[in-house]
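Q: I have a structure I would like to understand better, so I am pasting it below and will then ask my questions one at a time.
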Amino acid sequence: MQFYLSVLFSATVIVACIIALNRYHLISRLYRPFVFILWLGFLVDLTGYITIMFGVSYAVPGNIYVLINLYLVLWLFTRWEISQSKKRLFQIMAVLLTLVWILDNFILNPITQLNVLFRFCYSSLLIFLSIDQINRVIVSERKNIWKNARFVICAAFLIFYTFKSLEEIFFLVIDPKNEDFLSYVWMIMMVITLVVNSIYAYAALCIPSKEKFILPY
Amino acid sequence: MHPFEREIYIAILIAAIVLAIILFFFLYTLVKHQRINSKQYKLQIQAEIIAREEERRRIAVDLHDDLGPFLSSMKLQINLLNTEDPDDKNLIRELSLQINEIVQKIRETSNNLLPNVLVRKGLVRALTEFSQTITKTGNIKVNAEFVPEHFELEKDVEIHLYRICQEALHNTIRHAKANNFYLKLEREPAQLNVSISDDGIGFNYAKMKKDSMGLGLKNMLSRVDFLNGEFYLDTHPGRGVVYTIQIPLKANL
């Protein structure tokens, strides 16, 4: 039952994916990586559930997905950034976290299991980047902040990755035999996923359109 | 304690630490961005003030140096017209008087835009003259006091202080129904204290701030901010207005 609920809640991201795809040619190019993030998440979740149903491990695609997702999110943040030095900083972060991914999946652990180290590092990085963006929007936005796509997307990232990093800590520290507690954590994560997918759908609607080109005369 | 219970406590403790770090980072970046934004806002205001002053200076110079001499030369040429017709003679006299009036108006406008005395003789003389001119109109008595009696500041600072005093006096004349206006500039080694007050009807500051502050007051605040100064306003309905301004001189001079 819990598994099907999980599938259902994860699948709600399709709403955001369809809205984003429908608006793809209208939206500002600054937000296009977000469309890829949504679709990649949806496709990987779908693949994951299918592989699990066929009794095949989801670990390898899952481990590769988190790395690609990191690149996409950093690409999104790079698009938003004006400062060249910060853009370079994002590139350095991408390189460093790739090294952590290699360490986690090839040196410390095999890639055939779901590894925690990289997930924790990348969740933490995305939390800090989202907070930075949120605060930047808070102090500079003159219009309705709840309609600012950057704010909404980062708020969703912040909620999701904060709980994701806590989940990783719980799964790392708590004995797998303590199934009751871990199943509560899992259920909360499902609800968080549903909430965040709804926010993603709203964010896809808030993404500003491209500037219209107006000829002077 | 059950081992499971112990693990849960440890996990919760770690989670709390992580959340505390996130909260700290949230507050830290909020303050950081607020500072950056406030700095950018200040720079924008400064650019606007500089542009406005530059524009005023340019118009004042154009009026004084181009239009004034041009009209005077026109008057000279009109007076050179040779006619015996009494109607024409009358017309020439009238035109000459009108040109005189225009020249006078241009001088006044140019002087309002950038007082000559402020440029040539400094803030103290300019404010003294300004006070005397306003007092002569009979609407309000302006009492100006300077400690010491003569001092000079950097030209830009003087222009901003002059505008602040001018704005305060205009506000008083327009809204306060006051009989007296008091202006005191006190120069200390590291700062300049400006005290401006009137005995008018005052106003409800909280209500005015809620309704959106007046343009004059906003201009004064922007200029004080431009000079890195502090601005204090004390007013109540029926009890006049007191502006206290402190401008650090080391940062500006």
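Just so you know, the protein sequences line up as chains A and C, in that order. Here the first sequence is numbered in our numbering, starting from 1 and rising by one per residue. Here the second sequence is numbered in our numbering, starting from 218 and rising by one per residue. Just so it is clear, CB atoms sit at the ideal spot from N, CA and C, and this is done for glycine as well. It should be emphasised that the depicted structure is a prediction, and the values quoted were computed from it without experimental measurement.
(1) Of all the residues that make up the stretch 244-262 of chain C, which are near chain A by a beta-carbon distance shorter than 7 Å?
(2) Just the Cα atoms here: how many angstroms apart are Phe242(C) and Ser130(A)?
(3) Strictly below 9 Å CB to CB, what residues from chain A border Phe221(C)?
(4) Starting from the C-beta of Lys292(C), find all residues in its chain whose C-beta is less than 6 Å away, skip the five residues before and the five after it, and write them out in chain order.
(5) Mind checking which residues open and close the alpha helix (DSSP H) that includes Leu103(A)?
(6) Could you tell me which chain A residues have their CB closer than 7 Å to the CB of Glu271(C), listed as they occur along the chain?
(7) Using the beta-carbon of each residue, which ones in chain C are nearer than 7 Å to Ser140(A)?
(8) Determine the burial state of Trp101(A): buried for a count of at least 16 other Cβ atoms within 10 Å of its Cβ, exposed for fewer.
(9) For my contact list, Phe77(A) and Ile225(C) are in at a C-beta cut-off of 8 Å; report their separation, rounded to the angstrom.
(10) Considering only residues of the same chain and omitting the five flanking positions on each side of Ile127(A), which have a CB-CB separation below 8 Å?
(11) With a Cβ-Cβ cutoff of 8 Å, do Ile418(C) and Lys394(C) count as a contact?
(12) I'd like the span of the beta strand (DSSP E) that includes Asp451(C), first residue to last.
(13) Would you kindly check if the distance between the Cβ of Phe398(C) and the Cβ of Val359(C) is under 8 Å?
(14) Assign Arg310(C) to one of two classes, buried (16 or more other C-beta atoms within 10 Å of its C-beta) or exposed (fewer than that).
(15) Could you tell me the distance, in whole angstroms, from the CA atom of Asp104(A) to the CA atom of Ile37(A)?
(16) Check the Cβ-Cβ distances between Ile319(C) and every residue of chain A, and say whether any is below 8 Å.
(17) Need the endpoints of the beta strand (DSSP E) that Asn410(C) sits in, please.
(18) Assign His453(C) to buried or exposed, taking buried as 16 or more other Cβ atoms, counted over all protein chains shown, within 10 Å of its Cβ.
(19) Going along the chain, which residues of its own chain have a beta-carbon closer than 7 Å to the beta-carbon of Leu340(C), five neighbours each way excluded?
(20) Kindly give me the distance between the Cβ atoms of Ile199(A) and Val152(A), rounded to whole angstroms, as I take these residues to be in contact under 8 Å.
(21) Taking 8 Å as the threshold (beta carbon to beta carbon), is Leu129(A) in contact with chain C?
(22) Can you tell me where the alpha helix (DSSP H) with Gln113(A) in it begins and where it stops?
(23) Which residues, taken in chain order from the stretch 223-241 of chain C, show a beta carbon closer than 7 Å to some beta carbon of chain A?
(24) Evaluate Gly55(A) with the Cβ neighbour count: other Cβ atoms within 10 Å of its Cβ, from every protein chain shown; 16 or more gives buried, anything less gives exposed.
(25) I want to verify the contact list: residues of chain C whose CB lies under 7 Å from the CB of Ile160(A), in sequence order.
A: Quick look at the numbers:
(1) Thr246, Leu247, His250, Gln251, Asn254
(2) The residue you call residue 242(C) lines up with position 25 of the second sequence. The residue you call residue 130(A) lines up with position 130 of the first sequence. Cα to Cα, the separation comes out at about 11 Å.
(3) Here the question's residue 221(C) lines up with position 4 in the second sequence. Neighbours of Phe221(C) on chain A, chain order: Ile174, Asp175, Lys177, Asn178, Asp180, Phe181.
(4) Numbered from 1 along the second sequence, position 75 holds the residue referred to as residue 292(C). Cβ within range, chain order: Ser313, Ile316.
(5) Here the question's residue 103(A) lines up with position 103 in the first sequence. From DSSP, Leu103(A) is part of no alpha helix (DSSP H); its letter is neither H nor E.
(6) Numbered from its first residue, the second sequence carries residue 271(C) at position 54. Within chain A, no residue comes near Glu271(C); the closest Cβ sits about 27 Å away, beyond 7 Å.
(7) Residue 140(A) sits at position 140 when you count from the first residue of the first sequence. Within chain C, the residues near Ser140(A) are Asn254.
(8) For this step, residue 101(A) is matched to residue 101 along the first sequence. Buried is the call here.
(9) Translated into the one-based positions of the first sequence, residue 77(A) becomes position 77. Translated into the one-based positions of the second sequence, residue 225(C) becomes position 8. Actually they are not in contact, since the Cβ atoms of Phe77(A) and Ile225(C) sit about 35 Å apart, beyond 8 Å.
(10) Here the question's residue 127(A) lines up with position 127 in the first sequence. For Ile127(A), where only same-chain residues beyond five positions count, the Cβ hits under 8 Å are Phe157, Leu158, Tyr161, Thr162, Ser165.
(11) Looking up residue 418(C) in the second sequence gives position 201. Looking up residue 394(C) in the second sequence gives position 177. In contact: Ile418(C) and Lys394(C) (Cβ atoms closer than 8 Å).
(12) Numbered from 1 along the second sequence, position 234 holds the residue referred to as residue 451(C). Start and end: 447-452.
(13) Here residue 359(C) corresponds to residue number 142 of the second sequence, with the count starting at 1. Here residue 398(C) corresponds to residue number 181 of the second sequence, with the count starting at 1. Yes, the pair counts as a contact, with Cβ atoms nearer than the cut-off.
(14) Position 93 of the second sequence, counted from the start, is the residue given in the question as residue 310(C). By the neighbour-count rule (16 or more Cβ atoms within 10 Å), Arg310(C) is not buried but exposed.
(15) In the first sequence, the residue the question calls residue 104(A) occupies position 104. In the first sequence, the residue the question calls residue 37(A) occupies position 37. Taking the straight line from one Cα to the other gives about 23 Å.
(16) Stepping through the second sequence from its first residue, residue 319(C) is reached at position 102. Cβ-Cβ to chain A under 8 Å: no for Ile319(C).
(17) For this step, residue 410(C) is matched to residue 193 along the second sequence. Run containing Asn410(C): 408-415, per the beta strand (DSSP E) assignment.
(18) Taking the first residue of the second sequence as 1, we reach residue 453(C) at position 236. Looking at its Cβ environment, which holds fewer than 16 other Cβ atoms inside 10 Å, His453(C) is exposed.
(19) Position 123 of the second sequence, counting from 1, holds the residue named residue 340(C). Same-chain partners within the cutoff: Leu370, Glu375, Leu378, Tyr379.
(20) Here residue 199(A) is taken as the residue at index 199 of the first sequence, counted from 1. Here residue 152(A) is taken as the residue at index 152 of the first sequence, counted from 1. With a Cβ gap of about 6 Å, Ile199(A) and Val152(A) count as contacting.
(21) Translated into positions along the first sequence, residue 129(A) becomes position 129. Closer than 8 Å: no.
(22) The residue you call residue 113(A) lines up with position 113 of the first sequence. Here Gln113(A) belongs to no alpha helix (DSSP H), and DSSP marks it neither H nor E.
(23) Glu224, Ile225, Ile227, Ala228, Ile231, Ala232, Val235, Ile239
(24) Counting from 1 along the first sequence, the entry for residue 55(A) is found at position 55. Looking at its Cβ environment, which holds fewer than 16 other Cβ atoms inside 10 Å, Gly55(A) is exposed.
(25) Taking the first sequence and counting its residues from 1, one reaches residue 160(A) at position 160. Note on residue identity: the sequence assigns Phe, not Ile, to residue 160(A). Within chain C, no residue comes near Phe160(A); the closest Cβ sits about 13 Å away, beyond 7 Å.
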